[in-house]
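**Q**
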Amino acid sequence: MSDFKPPVELIKKERSAEEARARLAGLEGEAYEKQWRTWRTAAEDFQAAVTEYAARNDVTMARNDLEQAVKAAVRHAEEDPAE
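In terms of our numbering, the sequence shown opens at residue 142 and continues consecutively.
Following this line, the structure appears as structure tokens:
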């Protein structure tokens with residue numbers, strides 16, 4: 142799994158969900174509820190994309206491992222100022 146490069150399409154979806162989650166900080170009331178729905182939709186979209194990708198491709202890892210590999214790739218990209 143260490144040589145596995147997650148698909149760009151999944152990385153983009155996870156990054157979008159994480160950005161939506163980060164925008165929740167400091168919000169209250171209706172603004173929070175609206176942003177929470179935006180985050181939830183993005184997170185559900187990512188989860189569905191991971192499931193669909195795992196089902197249509199010959200992935201040699203469990204679906205959960207695929208999800209974790211994508212999330213790790215997003216976290217590492219955010220930590221690397223060169224990217």
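The C-beta atom is built at its ideal place from N, Cα and C for all residues, glycine as well.
Is Leu207 near Leu151, with beta carbons less than 9 Å apart?
**A** Yes; because the gap between Cβ atoms is below 9 Å, this pair is in contact.
**Q** Express the C-alpha separation of Val215 and Ala184 in angstroms, rounding to a whole number.
**A** Distance from the CA atom of Ala184 to the CA atom of Val215, rounded to whole angstroms, is 14 Å.
**Q** What is the residue span of the alpha helix (DSSP H) that Lys153 lies within?
**A** Element bounds for Lys153: Val149 to Ala163.
**Q** Can you tell me which of Glu193, Pro147 and Phe187 puts its alpha carbon nearest to the alpha carbon of Ser157?
**A** Phe187
**Q** Rounded to whole angstroms, what's the CA-CA distance from Ala213 to Gly170? Just pull it up for me.
**A** Spanning the two alpha carbons is a distance of roughly 32 Å.
**Q** Short of 6 Å in beta carbon distance, which residues of its chain neighbour Phe145, apart from the five on each side in sequence? Order them along the chain.
**A** Ala210
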